[in-house]
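Engineer: Throughout, the working numbering is defined as the position within the sequence shown, counted from one, plus 692. Where is the CB? At the ideal position from N, CA and C, for every residue including glycine. Only a predicted model underlies this, so the values are computations on that prediction, with no experimental measurement involved.
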Amino acid sequence: MPKLFILFLCACCLAACRPLNLSPFSQPLPAPEKMGELVVAIRHAPGFYQSAEGAAIEQGFDADLITAFAHQLGVKPRWVVAEDVDDLRLLVKTGRAHMAASYPVTEDDLRHSQPILTAGQAIISHNSRLSLDRLADLQGKSVVAAAGSLLAGALRQLPEKSRPMILEIPQTTELKLLEQLAQDRYSLVAVHDINFEIANNFYPDLTLALKLPGKTQLGWAFPPVWQFQLNGPFGRLSDNQSVADLPSQANAFIDESRRNGLLNQLRDRYFGHINRISTLGIAQFINDMQHLLPGLRRHFWVAQQKTGLDWRLLAALAYQESHWDPFATSPTNVRGIMMLTEDTADALGVSNRLDVASSIQGGARYLAQIMAQLPPASSPQDQLWLALAGYNLGAGHLRGALAIAKDMQRDPTSWYEMKKVLPLLSRPEVYDRLKAGPARGGEAVILVENIRIYYDILKRFEPADLTFLMATQTNAQISGKRAEKKKIKSNESFPSRPSRAAKRAE
């Protein structure tokens, strides 16, 4: 009896720890068209779903794709954030969400869309400390996975001679596990490869130790059929036909998104740049963030106040241009931390390109001017990436590239399409048609993709708002100056006595 009582208490504690307070008898949601909303269960994850800082909008592969689906249904999306896959399933099964995003397409009692993404399964280690050449090397090792995840199940399905000791962590995400791995809390972690590739830009010491044989297909999940039976939570099928039809509507939308290129655009928008820079390059950038950036933050922050551009974006641009070297100079005499040409500096009124404050403010104004000249883009991100390409190429070459894209019947407002057009600017048959002449458009693409990575890293580790930090530093500087003045006054009030040798000399 005492053992049963202890088990009962443990179960109660675990239930109390869950972030979602869902009752199986709670009233399910009305149909999306009745609410004017498509309620979506979703998990926070870089690249998939994140709230944009300083704005009431959500961004990410899942967020953008489902927003487009909701608009096709004539409703708005509303997001319900879940902690893990179990919470996603619970929200949908109890009728508290119309659907779930990035849900494994498996044989459970939910209905599923066709697969949208396919992710490999992998074992990740910290800095190659554990050498794994084959599956059999896992035997006897301890591998951490999210509790109840497909990865934990995949590890249990391995042959006995290859099966590791599995430690399942409840109420966590793969990104959290990778962060804890980088902190040396674990030796090996099982995650999907796409999450490792994203995390590797934040934690360059992580390394792929071993690929697992399985793959995970991710799609959307919908309430099970039994919910539409007479006594089910949604009531009679005839009363909620639109909810019952959501999977077929979703599959039709996904098919159309493949045909019109939306899926490819979103994959590129959120995942197309994540493997651009080597782990050594990422490690050097993070080191420079710690040692060089503190002396530059104030200048980038002032530039943000004057232009409205995120100071971290400007810092990422400056790093790509000069590696935060105020005295950087190219063979073509492009100079300064923002690497301005003489003509650009003159047009912006920057008299000294080697002055950090002048260069950063000039570069920020130049980028803002290019953005203002661009037509509305497919997304705010696309407009930003196009403007960064213009920063490298010059406004004239960018205008020429946009015109060429139109001639080629490509979307000039899409960065995904322009990445294919810009390298053509070095071909004679193309640049002969341009007033601005030839340009190294391929280099501009590389520059933008690198900046995207630096910007992602800065957004993860640096605050968006520096007001408090700047005020703290200013107060510290004022206090330091007051202390120095006090010390000087003290020395003037009590002059040192002449030495005995000086007295003898008198």
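For the segment 750-761 against the segment 946-957, do three or more pairs of beta-carbon atoms, one drawn from each stretch, fall closer than 8 Å, so that the two count as touching?
Structural biologist: The segment 750-761 vs the segment 946-957: in contact.
Engineer: Answer with buried or exposed for Leu1046, where buried requires no fewer than 16 other C-beta atoms within 10 angstroms of its C-beta.
Structural biologist: The residue given as residue 1046 occupies position 354 in the sequence shown. Exposed: under 16 other Cβ atoms inside 10 Å.
Engineer: Buried or exposed: which applies to His1089, given that a residue is buried once 16 or more other Cβ atoms fall within 10 Å of its Cβ?
Structural biologist: As a working mapping, residue 1089 is identified with position 397 in the sequence shown. So His1089 ends up on the buried side.
Engineer: According to DSSP, simplified to helix, strand and coil, what is Leu880?
Structural biologist: Counting from one through the sequence shown, the residue named residue 880 turns up at place 188. Strand at Leu880.
Engineer: Does the segment 887-897 come into contact with the segment 832-846, if we say contact requires no fewer than three beta-carbon pairs (one atom in each stretch) closer than 8 Å?
Structural biologist: The segment 887-897 vs the segment 832-846: no contact.
Engineer: Check whether the Cβ atoms of Gln1075 and Pro1068 lie closer than 9 Å to each other.
Structural biologist: The count along the sequence shown starts at 1 and reaches residue 1075 at position 383. The count along the sequence shown starts at 1 and reaches residue 1068 at position 376. Closer than 9 Å, so yes.
Engineer: Compute the distance between the beta-carbons of Leu765 and Ile808, then report whether it is under 9 Å.
Structural biologist: If you number the sequence shown from 1, residue 765 lands on position 73. If you number the sequence shown from 1, residue 808 lands on position 116. The answer is no: Cβ separation not under 9 Å.
Engineer: Taking only runs that begin and end inside the segment 950-1007, name each unbroken alpha helix (DSSP H) of 4 or more residues, in chain order.
Structural biologist: Runs of the alpha helix (DSSP H) inside the segment 950-1007: 954-963, 971-983 and 989-999.
Engineer: Excluding five sequence neighbours on each side, which residues of the same chain lie with their C-beta closer than 8 Å to the C-beta of Leu870?
Structural biologist: On the sequence shown, residue 870 is found 178 positions in, with the first residue counted as 1. Only Ile816, Val881, Val883, Asn887, Phe888, Ala891, Tyr895 and Leu898 meet the Cβ criterion.
Engineer: Going by DSSP, which residues form a beta bridge with Gln742?
Structural biologist: Position 50 of the sequence shown, counted from the start, is the residue given in the question as residue 742. In the DSSP output, where bridge partners are listed per residue, Gln742 has Gln751.
Engineer: Does the contact criterion of 3 or more C-beta pairs under 8 Å hold for the segment 728-742 versus the segment 767-784?
Structural biologist: Yes, the segment 728-742 touches the segment 767-784.
Engineer: Alpha helix (DSSP H) containing Ile1143: first to last residue?
Structural biologist: Walking along the sequence shown from the start, residue 1143 turns up at place 451. Unbroken alpha helix (DSSP H) run through Ile1143: Gly1133 to Phe1153.
Engineer: Could you check the C-alpha separation between Glu799 and Gln909 for me, to the nearest Å?
Structural biologist: Locating residue 799 in the sequence shown gives position 107, counting from the first residue. Locating residue 909 in the sequence shown gives position 217, counting from the first residue. Using only the alpha carbons, I get a separation of about 12 Å.
Engineer: Is it a yes or a no for the segment 1145-1162 touching the segment 989-1006, going by three-plus beta-carbon pairs under 8 Å?
Structural biologist: Because the criterion of three Cβ pairs below 8 Å is met, the segment 1145-1162 and the segment 989-1006 touch.
Engineer: How many Å lie between Asn1084 and Arg1057 at the Cα?
Structural biologist: Working through the sequence shown from its first residue, we reach residue 1084 at position 392. Working through the sequence shown from its first residue, we reach residue 1057 at position 365. Taking the straight line from one Cα to the other gives about 14 Å.
Engineer: What are the start and end residues of the alpha helix (DSSP H) that includes Glu889?
Structural biologist: On the sequence shown, position 197 is the one that residue 889 refers to. Counting along the chain, the alpha helix (DSSP H) containing Glu889 begins and ends at Asp885 to Asn892.
Engineer: Could you compute how far the alpha carbon of Asp1099 sits from the alpha carbon of Ala1049?
Structural biologist: On the sequence shown, position 407 is the one that residue 1099 refers to. On the sequence shown, position 357 is the one that residue 1049 refers to. So the two alpha carbons sit approximately 41 Å from each other.
Engineer: Consult DSSP for Arg928 and reduce its assignment to one of helix, strand or coil.
Structural biologist: Position 236 of the sequence shown, counted from the first residue, corresponds to residue 928. In this prediction, Arg928 scores a pLDDT of 48, lower than 50, which makes its location untrustworthy; no coordinate-derived value is stated.
Engineer: In the structure shown, what three-state DSSP assignment does Gly1092 receive?
Structural biologist: For this step, residue 1092 is matched to residue 400 along the sequence shown. Note: Gly1092 maps to helix in three-state DSSP.
Engineer: Closer than 7 Å by C-beta to Phe740: which residues in its own chain qualify, once you throw out the five before and the five after it? Chain order, please.
Structural biologist: Within the sequence shown, numbered from 1, the residue matching residue 740 stands at position 48. Hits under 7 Å: Gly752, Phe753, Asp754 and Ser794.
Engineer: Work out the CA separation of Tyr1011 and Gly812 for me, nearest whole Å.
Structural biologist: Locating residue 812 in the sequence shown gives position 120, where the first residue counts as 1. Locating residue 1011 in the sequence shown gives position 319, where the first residue counts as 1. About 33 Å.
Engineer: Entirely within the segment 759-847 and at least 4 residues each: give me those alpha helix (DSSP H) ranges in chain order.
Structural biologist: As far as the segment 759-847 is concerned, its whole alpha helix (DSSP H) runs of at least 4 residues are 777-785.
Engineer: Given this structure, state the Cα-to-Cα distance separating Pro905 from Leu780, to the nearest angstrom.
Structural biologist: By 1-based counting over the sequence shown, the position of residue 905 is 213. By 1-based counting over the sequence shown, the position of residue 780 is 88. In a straight line, the C-alpha of Pro905 is about 26 Å away from that of Leu780.
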